[in-house]
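Asks: For the sequence shown, position 79 (counting from the first letter as 1) is numbered 154 according to the working numbering, and the numbering increases by one without interruption.
For each residue, glycine too, the CB sits at the ideal point set by N, CA and C.
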Amino acid sequence: MAVAWAEYGSPEELPSIHHRKEYIATAEQLPDYRVTCILVERSLRGQGLTPTALRGAIELMAQAGGGQVEGYPHDTGGIRKKNSSFLYNGTRTMYEREGFTYDRPKGQGNCVMVREVAPSTRH
């Protein structure tokens, strides 16, 4: 049974994202992959599984050849929210800890984070 997972894919596989019009208007190029949602089983939230799910998705992207990855987390200004149920894609701070860099705002309270993922050397 999965207790945490990250939805990722190419922009062609996952074309629907929140604030799409604003995103397209400010995008210079599309990424190879995007992370659109991270879900953790309700009873296990707050135990550090969101970054684990993100790292798992990044490893799978590396095994598939790597490339530029975007995530669209909530930009909470570093303030930890007591109710994490709305944080369906993690926070900017968590993405920064996982090696992502802030690119630009996306809608109210969200942002675009980017990271280059190298191809995996493991076969």
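Using only the alpha-carbon positions, how far apart do V192 and Q104 sit?
Replies: Position 117 of the sequence shown holds residue 192. Position 29 of the sequence shown holds residue 104. Cα to Cα, V192 sits roughly 16 angstroms from Q104.
Asks: Excluding the 5 residues preceding and the 5 following R130 in the sequence, name in chain order all residues of the same chain whose CB lies nearer than 7 angstroms to its CB.
Replies: Along the sequence shown, one-based indexing puts residue 130 at 55. Answer for R130: E173, listed in chain order.
Asks: Less than 8 angstroms between the beta carbons of A139 and V115, yes or no?
Replies: Counting from 1 along the sequence shown, the entry for residue 139 is found at position 64. Counting from 1 along the sequence shown, the entry for residue 115 is found at position 40. The answer is no: Cβ separation not under 8 angstroms.
Asks: If contacts are defined as beta-carbon pairs under 8 angstroms, then P126 and M76 qualify, I think. What distance do you get, rounded to the angstrom?
Replies: Locating residue 126 in the sequence shown gives position 51, where the first residue counts as 1. Locating residue 76 in the sequence shown gives position 1, where the first residue counts as 1. Not really, about 20 angstroms apart at Cβ, beyond 8 angstroms.
Asks: Name the residue from G184, P180, I113 whose alpha carbon lies nearest to the alpha carbon of A100.
Replies: In the sequence shown, counting from the first residue as 1, residue 100 sits at position 25. Nearest option by C-alpha distance: P180.
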